[in-house]
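Undergrad: As you go down the protein sequences, you meet chains A and B in turn.
With positions in the first sequence counted from 1, the corresponding number in the working numbering is that position plus 439.
With positions in the second sequence counted from 1, the corresponding number in the working numbering is that position plus 42.
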Amino acid sequence: MGIEREQVVSLIIDKVRDIDPPALAERGNGLSEHTALFGKEGLFDSLGLVALIVDVEQGLADLVDAPITLGDDRAMSQSRSPFRTVGALADYAMLLLDEHARN
Amino acid sequence: MPVTEDGHRDARSTRSDKPVVLITGARRGIGRYLAEHYARAGMCVVGCSREPIDWQLEGYTHVVADVAQEDDVKRLVAVAQREFGRLDVAINNAGVASMNAALLTPADTIDRVMGTNFRGAALVSREAAKLMMRRKHGRIVNLSTVAVPLRVEGEALYAASKSAVVTYSQILARELAPYGITVNVVGPTPIDTDLIRSVPADKIQRILEQQAIKRLGRFEDVANVIDFFIRPESEFVTGQVIYLGGV
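Below, the structure written as structure tokens:
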């Protein structure tokens, strides 16, 4: 059975809550796929974002029992960062999971 | 002792309060000495090499892995995570030497030496740090060589690969400091191991002449510096390079 996007969004939100960046409480603790992760309105600074990506990579790897690398060259070279929001990260993760399933 | 596809492993508890040490290139030479050293000190040791080992050691888990291969490295670190749930220390010891005139060095040799010495150290450091950062604690120690500061002719490729390790480690130290992870480098002098067997005796002698203390290094000399880097009191020591022998 394939992994649903909602499952990935939930995973990302869980990981954000685990890290609990200070900005989360300042913004009322609400999280959705529209929540900005990085940038002007983002929850994380660069260090925090690295920690989140590492945690999400591990969560995805646990789901599919194989390494998933979110911070690859393709992600870094995109004009619109796949790390800008929860939803964008979920979309990018789904792309990688789909490629993994096909290989 | 059960033997799995991951190599030899001894009986152990799956979760332990003992520090967990990962050592690459642990089959022989310095790596094997360090494995024995830290296992004797009561730590859980996970080691790797490209070939299986023909020895056993209490407290030691061996994984057959090539550090230049990303999937192998991920599998290696996953063993520490799965079996012990933590990783405290990673020692990037795996290395290959190349003694050749720079003008005669084949491209394949460049790939092989850079692959194991630099790419391997970078991959293991990266994956180890991912596991360490969960506990906001970790020690990474990378091995370089006195051939870097001594600019030894005939070792351009080997020294360049280890020079890359030094620069990588110094920058990594800054990137990982916020996560409580230190990164340091030890640069041994020639030690009587397989790595220098093919180096002519007169070349070794010329290196020794450039050291303040003119003798071959010993495994204990390397372990002593690593002991210093990984002790809890060294949490404020990072991005440092210690060359042995007074180079």
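Glycine included, every Cβ here is placed at the ideal spot set by N, Cα and C.
#1: Which residues in chain A have a C-beta closer than 8 angstroms to the C-beta of B/D113? List them in chain order.
#2: Give me the Cβ distance between A/I492 and A/L535, rounded to the nearest whole Å; I'm assuming they're in contact under 8 angstroms.
#3: Taking only beta-carbon atoms, is B/Y221 less than 9 angstroms away from chain A?
#4: Put B/A201 into one of helix, strand or coil per three-state DSSP.
#5: 9 angstroms is my cut-off, CB to CB: does A/V493 come that close to chain B?
#6: Please report the straight-line C-alpha distance between B/E262 and B/A171, rounded to a whole angstrom.
#7: Could you compute how far the alpha carbon of B/P44 sits from the alpha carbon of B/A198?
#8: Could you tell me the alpha carbon to alpha carbon distance between B/K116 and A/G510, rounded to whole angstroms?
#9: I'd like to check one pair, A/A532 with A/V489: are the Cβ atoms closer than 9 angstroms?
#10: In this structure, what does DSSP give as the bridge partners for B/L192?
#11: Is it right to say B/H79 is buried, meaning 16 or more other beta carbons lie within 10 angstroms of its own, or is it exposed?
#12: Since B/L64 is in the beta strand (DSSP E), which residue starts that stretch and which ends it?
#13: By a C-beta neighbour count over all protein chains shown, 10 Å radius and 16 as the cutoff for buried, is A/G469 buried or exposed?
#14: Give a yes or no on whether 9 angstroms exceeds the smallest Cβ distance from A/Q517 to chain B.
#15: Can you tell me the Cα-Cα spacing of B/D150 and B/G71, whole angstroms?
#16: Whose Cβ in chain A lies nearer than 8 angstroms to the Cβ of B/K116?
#17: What does B/M175 reach in chain A if we use C-beta pairs closer than 8 angstroms?
#18: Quick check: the Cα distance between A/L463 and B/R216, rounded to an integer number of angstroms?
#19: Can you tell me which of the three DSSP states B/R260 falls into?
#20: Would you please state the rounded distance, in angstroms, between the beta carbons of B/V188 and B/T158? I believe it to be under 8 angstroms.
#21: Give, in chain order, every residue of the stretch 152-180 of chain B whose Cβ lies closer than 7 angstroms to some Cβ of chain A.
#22: Return the CA-CA distance between A/D459 and B/I284, expressed in angstroms with no decimal places.
#23: What residues match up with B/T224 in a beta bridge as DSSP calls it?
#24: CB B/T180 to CB B/I223, shorter than 9 angstroms?
#25: When you compare only the Cα positions, how much space is there between A/S485 and A/F477?
#26: If we define contact as Cβ-Cβ less than 9 angstroms, is A/Q446 a contact residue for chain B?
#27: How should B/I255 be labelled, buried or exposed, when 16 other C-beta atoms within 10 angstroms of its C-beta is the threshold for buried?
#28: Using a Cβ-Cβ cutoff of less than 8 angstroms, which residues in the same chain neighbour B/D234 once the five nearest sequence positions on both sides are dropped?
#29: Looking only at its own chain, which residues have a Cβ that is under 6 angstroms from the Cβ of B/G162, when we skip the five neighbours before and after it?
#30: Give the C-beta separation of B/N266 and B/V227 to the nearest angstrom, bearing in mind that I take them to be a contact with Cβ-Cβ under 8 angstroms.
TA: Quick answer:
#1: The residue you call residue 113 of chain B lines up with position 71 of the second sequence. Per Cβ cutoff of 8 angstroms: P506.
#2: Within the first sequence, residue 492 of chain A is the residue found at index 53, counting from 1. Within the first sequence, residue 535 of chain A is the residue found at index 96, counting from 1. About 12 angstroms separates the two Cβ atoms, so there is no contact after all.
#3: Working through the second sequence from its first residue, we reach residue 221 of chain B at position 179. Yes, contact with chain A.
#4: To locate residue 201 of chain B, count along the second sequence from 1; it is residue 159. Here B/A201 sits in helix by DSSP.
#5: Residue numbering aside, residue 493 of chain A sits at position 54 when the first sequence is read from its first letter. By this cut-off, A/V493 is an interface position.
#6: For the purposes of this step, residue 262 of chain B is taken as residue 220 along the second sequence, with counting starting at 1. For the purposes of this step, residue 171 of chain B is taken as residue 129 along the second sequence, with counting starting at 1. Their Cα atoms are separated by approximately 26 angstroms.
#7: By one-based count along the second sequence, residue 44 of chain B stands at place 2. By one-based count along the second sequence, residue 198 of chain B stands at place 156. Its pLDDT being 35, under 50, B/P44 is placed unreliably by the model, and the measurement read from it follows with that caveat. One C-alpha to the other measures close to 43 angstroms.
#8: Translated into the one-based positions of the second sequence, residue 116 of chain B becomes position 74. Translated into the one-based positions of the first sequence, residue 510 of chain A becomes position 71. Taking the straight line joining both Cα atoms gives about 15 angstroms.
#9: On the first sequence, residue 489 of chain A is found 50 positions in, with the first residue counted as 1. On the first sequence, residue 532 of chain A is found 93 positions in, with the first residue counted as 1. In this structure, A/A532 does not lie closer than 9 angstroms to A/V489 by Cβ.
#10: Within the second sequence, residue 192 of chain B is the residue found at index 150, counting from 1. Partner(s): none; B/L192 has no beta bridge.
#11: On the second sequence, position 37 is the one that residue 79 of chain B refers to. Looking at its Cβ environment, which holds 16 or more other Cβ atoms inside 10 Å, B/H79 is buried.
#12: As a position in the second sequence, residue 64 of chain B is number 22, starting the count at 1. It spans V62 to T66 - the beta strand (DSSP E) in which B/L64 sits, taken as one unbroken run.
#13: For the purposes of this step, residue 469 of chain A is taken as the residue at position 30 of the first sequence. Burial call: exposed.
#14: To locate residue 517 of chain A, count along the first sequence from 1; it is residue 78. False, the Cβ-Cβ gap to chain B never drops below 9 angstroms.
#15: Translated into the one-based positions of the second sequence, residue 150 of chain B becomes position 108. Translated into the one-based positions of the second sequence, residue 71 of chain B becomes position 29. Cα to Cα, the separation comes out at about 25 angstroms.
#16: As a working note, residue 116 of chain B is residue 74 in the second sequence. Under the 8 angstroms cutoff, chain A gives P506.
#17: Counting from one through the second sequence, the residue named residue 175 of chain B turns up at place 133. In chain order: A490 and V493.
#18: Here residue 463 of chain A corresponds to residue number 24 of the first sequence, with the count starting at 1. Here residue 216 of chain B corresponds to residue number 174 of the second sequence, with the count starting at 1. Whole-angstrom Cα-Cα distance: 26 angstroms.
#19: Counted from its first residue, the second sequence places residue 260 of chain B at position 218. Three-state result, B/R260: coil.
#20: As a position in the second sequence, residue 188 of chain B is number 146, starting the count at 1. As a position in the second sequence, residue 158 of chain B is number 116, starting the count at 1. At roughly 19 angstroms, the Cβ-Cβ gap does not stay under 8 angstroms, so B/V188 and B/T158 are not in contact.
#21: K172 and M175
#22: Your numbering for residue 459 of chain A matches position 20 in the first sequence. Your numbering for residue 284 of chain B matches position 242 in the second sequence. Those two C-alpha atoms are separated by around 38 angstroms.
#23: Numbered from its first residue, the second sequence carries residue 224 of chain B at position 182. Note: B/T224 sits in a beta bridge opposite B/R181.
#24: Here residue 180 of chain B refers to the residue found at position 138 when the second sequence is read from its first residue. Here residue 223 of chain B refers to the residue found at position 181 when the second sequence is read from its first residue. First, the residue type needs correcting, since residue 180 of chain B is Gly and not Thr in the sequence shown. It is a contact, given that the beta carbons lie within the stated cut-off.
#25: Along the first sequence, read from residue 1 onward, the residue named residue 485 of chain A stands at position 46. Along the first sequence, read from residue 1 onward, the residue named residue 477 of chain A stands at position 38. About 8 angstroms.
#26: What you label residue 446 of chain A is simply residue 7 of the first sequence in a count that begins at 1. So, not an interface residue.
#27: On the second sequence, position 213 is the one that residue 255 of chain B refers to. Its Cβ having fewer than 16 others within 10 Å, B/I255 is exposed.
#28: The residue you call residue 234 of chain B lines up with position 192 of the second sequence. If we look at B/D234 and ignore the five residues flanking it on each side, its Cβ neighbours are L258.
#29: Walking along the second sequence from the start, residue 162 of chain B turns up at place 120. For B/G162, where only same-chain residues beyond five positions count, the Cβ hits under 6 angstroms are V109, A110 and A136.
#30: In the second sequence, the residue the question calls residue 266 of chain B occupies position 224. In the second sequence, the residue the question calls residue 227 of chain B occupies position 185. About 15 angstroms separates the two Cβ atoms, so there is no contact after all.
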